[in-house]
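Protein chains in written order, with the numbering used here: chain Z, -11 to 253; chain B, 557 to 718. Glycine included, C-beta positions come from ideal geometry on N, C-alpha and C.
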Amino acid sequence: MYETTYHRASSLAEAVRLRADSDEAKYLAGGMTLIPTMKQRLAAPSELVDLRHIAELRGIAVKGRRVRIGAGTPHNEVATSAAISAVCPALCHLAALIGDPLVRHMGTLGGSIANNDPAADYPAAMLGLDATIITDRREIPAGDFFTGLFETALEDGEIVVAATFEAPARAGYSKFANPASRFAMTGVFAAQAADGTVRVAVTGAGANGVFRHAGLEAALTRNWSPDVVSDVAVETGDLLSDLHGNADYRANLVKVMAKRAVATA
Amino acid sequence: MAKVTMTVNGRKVAKECEDRTLLVHFIRENLGLTGTHVGCDTSQCGACVVHMDGKAVKSCSILAAQAAGSEILTIEGLAANGELHPVQAAFRQNHGLQCGFCTPGMVMTAVDMINRYGAVLDEKTVRENLEGNICRCTGYHNIVKAILAAATEMGAARQAAE
């Protein structure tokens, strides 16, 4: 790891100020991606601004079916939250599949979505749940937040504070994990709102990161059943091909994971 | 340089280190506690697992500066009054190690697992929760047996105390 200078922020305002002092500074959430990346010398921020001790970023609040998760909430807290499980167990299931228990003790929602790894789990949930990403400056619909591989709508220095969403009538998440990394080869989050409309978000498969699948959404809105998935065409054009699997393989995985997500919802 | 103060195995420590120093190196080199191992160094193997504020974490993926002010428990802090912790004893009893390199991390993960689930652990849960610990001797079977035995033993001890 190249040299860096560590700062610990105790409030959002302090974090923003510390970050603004240097062009080469980076925010540090749980660090489960950033620290390993720095160890490989793929990132070399001159300053790190640690967000882990900012109380404003912590906590889970569920009022009725409205869920608010602080950006600094570790995955394990979401996975084991009785309050979230009561209204949206699919999100707990998803959080419990991220990395391993040790990573889930440190890694956070905000860190995951700000990084927007194309094979990460949380982006699929945010998009599938039509969540709103609250930052220190504004509110961003999930549909506008994830803009490409490791790219988000976040501006320079902007901090994710929380994510909120209305719990759907039902939802399911299924992922085919890479056997080595446990990142999603393909993961599908399917959610049916109270009015019957369905959102289907796919992670791990898209050449440009997480995306919604209009064909699956239309078919499942007409009939919420795993059976309808077989007849939906999944085009390979925008899907990822890499050493783990080509676009045809992933197109098939999208359908299989969609079926399982609906079946388990 | 950062002045890092934390509590390690119940003892307050304060040492200077570079800001980029990983917690595992701080523990091994600055504190001389070499029971915590560096295995893969790429956040996969779990040989470096310690508890930070009561939760099992990978100390190779955390800066010492991030851990400043926290309570750290390492493998050296488990045995009390010269007696092995029940998880350590169960690993010995069940031959839960071969070369032993992964053992400190396995034991720390096991203690965390039993803290979270109690005596109601089953084999599937144990295997799922060992996701972040790799044994390159592939001795998982006896590791799982040891953890299940320790969970039962600790559950019984807790019940007896109540």
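How would you list, in chain order, the residues of chain B whose beta-carbon sits under 9 Å from the beta-carbon of residue i?
i, result
"residue 254 of chain Z", "Residue 254 of chain Z falls outside the range modelled here, since chain Z spans only -11 to 253, and no answer is possible."
Taking Cβ to Cβ, would you say residue i is nearer than 8 Å to residue j?
i, j, result
"residue 138 of chain Z", "residue 105 of chain Z", "yes"
"residue 222 of chain Z", "residue 239 of chain Z", "yes"
"residue 632 of chain B", "residue 565 of chain B", "yes"
"residue 590 of chain B", "residue 584 of chain B", "yes"
"residue 618 of chain B", "residue 652 of chain B", "no"
"residue 115 of chain Z", "residue 200 of chain Z", "yes"
"residue 562 of chain B", "residue 605 of chain B", "no"
"residue 649 of chain B", "residue 635 of chain B", "no"
"residue 60 of chain Z", "residue 96 of chain Z", "yes"
"residue 691 of chain B", "residue 658 of chain B", "yes"
"residue 603 of chain B", "residue 642 of chain B", "no"
"residue 172 of chain Z", "residue 118 of chain Z", "no"
"residue 155 of chain Z", "residue 76 of chain Z", "yes"
"residue 50 of chain Z", "residue 72 of chain Z", "yes"
"residue 212 of chain Z", "residue 188 of chain Z", "no"
"residue 147 of chain Z", "residue 4 of chain Z", "yes"
"residue 227 of chain Z", "residue 202 of chain Z", "no"
"residue 254 of chain Z", "residue 159 of chain Z", "Beyond the ends of chain Z as shown, which are -11 and 253, falls residue 254 of chain Z; an answer cannot be given."
"residue 16 of chain Z", "residue 36 of chain Z", "yes"
Which residues in chain Z have a C-beta closer than 9 Å to the C-beta of residue i? List them in chain order.
i, result
"residue 598 of chain B", "24, 27 and 28"
"residue 605 of chain B", "90"
Under a Cβ-count criterion, where at least 16 other Cβ atoms within 10 Å of its own Cβ denotes burial, should residue i be classed as buried or exposed?
i, result
"residue 248 of chain Z", "buried"
"residue 611 of chain B", "buried"
"residue 600 of chain B", "buried"
"residue 685 of chain B", "buried"
"residue 598 of chain B", "exposed"
"residue 78 of chain Z", "buried"
"residue 655 of chain B", "exposed"
"residue 694 of chain B", "exposed"
"residue 592 of chain B", "buried"
"residue 180 of chain Z", "buried"
"residue 668 of chain B", "buried"
"residue 609 of chain B", "exposed"
By the criterion of Cβ-Cβ separation under 7 Å, what are the contact partners of residue i in chain Z?
i, result
"residue 708 of chain B", "By Cβ distance, chain Z contributes nothing, its closest Cβ being about 20 Å from residue 708 of chain B, past 7 Å."
Rounding to the nearest angstrom, what Cα-Cα distance links residue i and residue j in this structure?
i, j, result
"residue 8 of chain Z", "residue 99 of chain Z", "19 Å"
"residue 613 of chain B", "residue 716 of chain B", "30 Å"
"residue 162 of chain Z", "residue 640 of chain B", "41 Å"
"residue 703 of chain B", "residue -3 of chain Z", "39 Å"
"residue 607 of chain B", "residue 176 of chain Z", "33 Å"
"residue 101 of chain Z", "residue 66 of chain Z", "14 Å"
"residue 568 of chain B", "residue 236 of chain Z", "57 Å"
"residue 0 of chain Z", "residue 64 of chain Z", "23 Å"
"residue 570 of chain B", "residue -7 of chain Z", "18 Å"
"residue 185 of chain Z", "residue 166 of chain Z", "31 Å"
"residue 122 of chain Z", "residue 130 of chain Z", "10 Å"
"residue 86 of chain Z", "residue 190 of chain Z", "15 Å"
"residue 39 of chain Z", "residue 46 of chain Z", "10 Å"
"residue 44 of chain Z", "residue 150 of chain Z", "9 Å"
"residue -5 of chain Z", "residue 93 of chain Z", "21 Å"
"residue 623 of chain B", "residue 629 of chain B", "12 Å"
"residue 672 of chain B", "residue 682 of chain B", "11 Å"
"residue 241 of chain Z", "residue 174 of chain Z", "6 Å"
"residue 582 of chain B", "residue 32 of chain Z", "20 Å"
"residue 708 of chain B", "residue 676 of chain B", "8 Å"
"residue 712 of chain B", "residue 701 of chain B", "17 Å"
"residue 218 of chain Z", "residue 696 of chain B", "39 Å"
"residue 140 of chain Z", "residue 69 of chain Z", "27 Å"
"residue 206 of chain Z", "residue 662 of chain B", "47 Å"
"residue 557 of chain B", "residue -11 of chain Z", "15 Å"
Give me the chain B residues within the contact set of residue i, using Cβ-Cβ distance strictly less than 7 Å, ordered along the chain.
i, result
"residue 9 of chain Z", "Ordered by position in chain B, no residue passes the 7 Å Cβ test against residue 9 of chain Z, which lies about 15 Å from the chain."
"residue -6 of chain Z", "558, 575, 619 and 621"
Going along chain Z, which residues have a C-beta under 8 Å from residue i?
i, result
"residue 630 of chain B", "Under the 8 Å cutoff, chain Z gives no residues; its nearest Cβ is about 14 Å from residue 630 of chain B."
"residue 665 of chain B", "89 and 90"
"residue 602 of chain B", "88 and 90"
Along chain B, which residues have their Cβ under 8 Å away from the Cβ of residue i?
i, result
"residue 173 of chain Z", "By Cβ distance, chain B contributes nothing, its closest Cβ being about 16 Å from residue 173 of chain Z, past 8 Å."
"residue 20 of chain Z", "599 and 617"
Next item on the list: Would you list, in chain order, the members of the region 82 to 111 of chain Z that have their beta-carbon closer than 8 Å to a beta-carbon of chain B?
Entry: 87, 88, 89, 90, 91, 93 and 94
Notebook entry, point to check: the region 39 to 61 of chain Z: which residues have C-beta closer than 9 Å to a C-beta of chain B, in chain order?
Noted result: 40 and 41
Notebook entry, point to check: Which of the residues in the region 611 to 623 of chain B, read from start to end, lie with their CB under 7 Å from any CB of chain Z?
Noted result: 611, 612, 613, 614, 617, 618, 619, 621 and 622
Checklist line | Contacting positions in the region 640 to 658 of chain B - beta carbon closer than 9 Å to chain Z | finding: none
Next item on the list: Identify each residue in the region 185 to 211 of chain Z for which the Cβ-Cβ distance to at least one residue of chain B is less than 7 Å, and report them in chain order.
Entry: none
Margin query: Which residues of the region 673 to 696 of chain B have a Cβ closer than 9 Å to any Cβ of chain Z? Give them in chain order.
Written below: 684, 685, 686, 687, 688 and 689
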